[in-house]
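Colleague: Residues -19 to 238 (our numbering) are what the sequence shown spells out, left to right. My structure is below; once you've seen it, I'll send some questions.
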Amino acid sequence: MSKLKREQYQALLEPMQVELANAARWLQHTGRRLVVVFEGRDTAGKGGAIQAIHEHINPRQCRVVALPKPSEREAGQWYFQRYVEQLPAAGEIVLFDRSWYNRAGVEKVMGFASDTQVTAFLKAAPLFEKQLVDDGILLFKYWLCCDQEKQEKRFTDRLHDPLKGWKLSPIDLEARSRYRAYTEAREAMLDATHTRHAPWTLVDFNDQKLGRLSLIRDLLDRLPDTRIDAPAITFPPLASHPACEHYGALEPIPAFKV
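This is the structure we're talking about:
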């Protein structure tokens, strides 16, 4: 259990979400582009962290990208191609729920990519990211840290919670027996792709509430000064009393009975 009660967590999170909304307005005003990469073991908490960030940002401006297994055509493309198609335009935010680093993680550990392909990726990724940064993209890469004991508990929760069952796949279950292999793959990835222009940031997510707060605070602190005045909106009073809805062609369905 988290040391933070939900009320405490929400009280700490809300002002950060206001800052995130301000940052989104700054991005629109300046035309800057923001990419945030979320990586980590299964159950680490990527989805919850992403939701906390985009929850109060216009979905037309902030997109979550969680790509499925590549199609046969995509498998024959340049490896980074399908990720390039998801990059933000001016003023946009893209949050990658897993990213091109699949090649150095699950694809390597599960044998979906050859050693030659993984080695080539580890050499190419820093160059690819240098191009993104040089073109003006703000790029942040986060690895969410999770001990195996916590991972096991979260797997069990998913197994017995019908609302979380969709998060559990055969590959997830196979990953349980390859914890050490994932550790080795992560260390090789960090060693090859932790660069000055696109560094990795590791965040402890054994406590997911504290992890989200730590990650969001770090992200906000590393953005440029995003203070910008909100546009003034005139909100005049109605010319008459508020009207009640009237329906002719159809009627609303009966209200849910409590």
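Using N, Cα and C, we set each Cβ at its ideal position, and we do this for glycine too.
(1) Report yes if the CB atom of alanine 161 is closer than 8 Å to the CB atom of glycine 85, and no otherwise.
(2) Going by C-alpha distance, which of Ala212, Arg197, Ile213 and Pro204 is nearest methionine -4?
(3) Would you check if there are 3 or more beta carbon pairs closer than 8 Å linking the segment 131 to 151 to the segment 12 to 23?
(4) From the DSSP output, in three-state form, read off phenylalanine 101 for me.
(5) Could you check whether serine 51 and tyrosine 63 sit closer than 8 Å to each other, using their CB atoms as the reference points?
(6) How long is the line joining the alpha carbons of threonine 99 and isoleucine 233, rounded to whole angstroms?
(7) Quick one: grab the DSSP three-state call for isoleucine 213.
(8) Can you give me the C-alpha to C-alpha distance between lysine 103 and alanine 93, rounded to a whole angstrom?
(9) Note down, in chain order, each residue of its chain lying with its Cβ closer than 6 Å to the Cβ of alanine 172, except the 5 sequence neighbours on either side.
(10) At what residues does the beta strand (DSSP E) containing threonine 181 begin and finish?
(11) Go to glycine 27, then tell me how far its alpha helix (DSSP H) extends in each direction, as first and last residue.
(12) Give, in chain order, every unbroken run of the beta strand (DSSP E) that is at least 3 residues long and sits entirely within the segment 81 to 157.
(13) Whole angstroms is fine: what's the gap from aspartate 114's alpha carbon to histidine 177's?
(14) Excluding the 5 residues flanking glutamate 72 on each side, which residues of the same chain have their C-beta closer than 8 Å to its C-beta?
(15) Count the other CB atoms within 10 Å of the CB of glutamate 87; is the residue buried (16 or more) or exposed (fewer)?
(16) Distance check for leucine 190 and aspartate 184, CA to CA, integer angstroms please.
(17) How many Å lie between glutamate 167 and aspartate 77 at the Cα?
(18) In or out: histidine 34 buried (at least 16 other Cβ within 10 Å) or exposed?
(19) Is it buried or exposed, glutamate 65, if we count other Cβ atoms within 10 angstroms and call 16 or more buried?
(20) If you count every other CB in all the chains shown that lies within 10 Å of the CB of asparagine 38, and 16 or more means buried, which is it?
(21) Are the beta-carbon atoms belonging to arginine 158 and valine 89 less than 8 Å from one another?
(22) In three-state DSSP terms, what is glycine 191?
(23) So arginine -14 is in the beta strand (DSSP E); what residue range does that whole segment cover?
(24) Looking only at C-alpha atoms, which of Ile30, Glu154, Ser149 and Gln(-12) sits nearest to tryptophan 123?
(25) Report all residues from its chain with a CB closer than 7 Å to the CB of leucine 195; omit the five preceding and five following residues, and keep chain order.
Modeller: So, from the data block:
(1) Contact flag unset, no.
(2) The option with the nearest alpha carbon to methionine -4 is Arg197.
(3) Judged by Cβ distances under 8 Å, the segment 131 to 151 makes contact with the segment 12 to 23, as three or more pairs qualify.
(4) When DSSP states are grouped into helix, strand and coil, phenylalanine 101 belongs to the helix group.
(5) No, Cβ-Cβ distance for tyrosine 63 and serine 51 is not below 8 Å.
(6) Answer to the nearest angstrom: the Cα atoms are 59 Å apart.
(7) If DSSP states are grouped into helix, strand and coil, isoleucine 213 belongs with coil.
(8) The C-alpha of lysine 103 lies about 15 Å from the C-alpha of alanine 93.
(9) Cβ within range, chain order: Leu102.
(10) 180 to 184 is the extent of the beta strand (DSSP E) around threonine 181.
(11) 26 to 34 is the span of the alpha helix (DSSP H), which, as asked, contains glycine 27.
(12) Complete beta strand (DSSP E) runs here, min 3: 117 to 125.
(13) Within the model, the alpha-carbon separation for aspartate 114 versus histidine 177 is close to 9 Å.
(14) Here glutamate 72 has Leu7, Arg13, Leu14, Gln41, Cys42 and Arg43 as same chain residues with Cβ atoms under 8 Å from its own Cβ, once five neighbours each way along the sequence are excluded.
(15) Per the 10 Å Cβ criterion, buried.
(16) Taking the straight line joining both Cα atoms gives about 8 Å.
(17) Answer to the nearest angstrom: the Cα atoms are 20 Å apart.
(18) Buried, because 16 or more other Cβ atoms sit within 10 Å of the Cβ of histidine 34.
(19) It counts as exposed.
(20) Under this definition asparagine 38 is an exposed residue.
(21) Result yes, Cβ atoms of arginine 158 and valine 89 sit closer than 8 Å.
(22) Helix at glycine 191.
(23) Counting along the chain, arginine -14 falls outside any beta strand (DSSP E), though it belongs to the alpha helix (DSSP H) covering -14 to 10.
(24) It is Ile30.
(25) The residues are Ala29, Tyr122 and Val183.
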